[in-house]
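Right, one structure below, let's go through it.
Numbering (this note's numbering), first residue to last: -3 to 150.
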């Protein structure tokens, strides 16, 4: 993950691909994460928007609206890294909670419904613990899994 921070983060910011944020300690970078725009598409949902909408709306206790969207705006956490010395201290979860807060607050300047990640297999338990779910089963054998967290469920 350091390769991204040292080699790609500045270029991504310059090209407006992603913005990377740092949590700095006294002598080192404790953690970093990147935000970029994303969307969940009907194709991501195995072409079954209605099933996905029912799953989301049933948790909220609301009915499905007539209009079906081709995609739903999201913010992606493109990279999230915590220094090994600080792993297990809740820093990653605090970053997830911070992300939930800024993108679900009234001060948010963009429309987004979900937080998405492409989780590496070893990170899946972390994201499940933090309220993320799999977008579909289509990528279950891949190196990474697409996951989402609904900003209405915080």
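Note that the Cβ used here is the ideal one computed from N, Cα and C, for glycine as well.
Contact under 8 Å by Cβ, residue i with residue j
{"i": "residue 96", "j": "residue 111", "result": "yes"}
{"i": "residue 75", "j": "residue 119", "result": "no"}
{"i": "residue 123", "j": "residue 131", "result": "no"}
{"i": "residue 101", "j": "residue 126", "result": "no"}
{"i": "residue 73", "j": "residue 109", "result": "no"}
{"i": "residue 79", "j": "residue 25", "result": "yes"}
Neighbour-count burial assignment, residue i, 16 or more Cβ in a 10 Å radius
{"i": "residue 58", "result": "Its pLDDT being 49, under 50, residue 58 is placed unreliably in this model, and the value from its coordinates should be taken loosely. Exposed, since its Cβ has fewer than 16 Cβ neighbours within 10 Å."}
{"i": "residue 149", "result": "exposed"}
{"i": "residue 15", "result": "exposed"}
{"i": "residue 18", "result": "exposed"}
{"i": "residue 98", "result": "exposed"}
{"i": "residue 21", "result": "exposed"}
{"i": "residue 77", "result": "buried"}
Option in the options with minimal Cα separation from residue i
{"i": "residue 83", "options": "72, 106, 114, 27", "result": "27"}
{"i": "residue 136", "options": "77, 116, 145, 92", "result": "116"}
{"i": "residue 104", "options": "138, 71, 6", "result": "71"}
{"i": "residue 121", "options": "106, 108, 140", "result": "140"}
{"i": "residue 107", "options": "77, 129, 147, 138", "result": "147"}
{"i": "residue 113", "options": "142, 10, 85", "result": "142"}
{"i": "residue 23", "options": "86, 81, 94, 66", "result": "81"}
Residue i - containing alpha helix (DSSP H), residue span
{"i": "residue 5", "result": "5 to 10"}
{"i": "residue 93", "result": "87 to 100"}
{"i": "residue 82", "result": "Here residue 82 belongs to no alpha helix (DSSP H), and DSSP marks it neither H nor E."}
Continuous beta strand (DSSP E) stretch holding residue i: start and end
{"i": "residue 144", "result": "140 to 146"}
{"i": "residue 128", "result": "That residue, residue 128, is in no beta strand (DSSP E); it is neither H nor E in DSSP."}
{"i": "residue 106", "result": "Taken as a continuous stretch (DSSP letters only), residue 106 belongs to no beta strand (DSSP E), as it is neither H nor E."}
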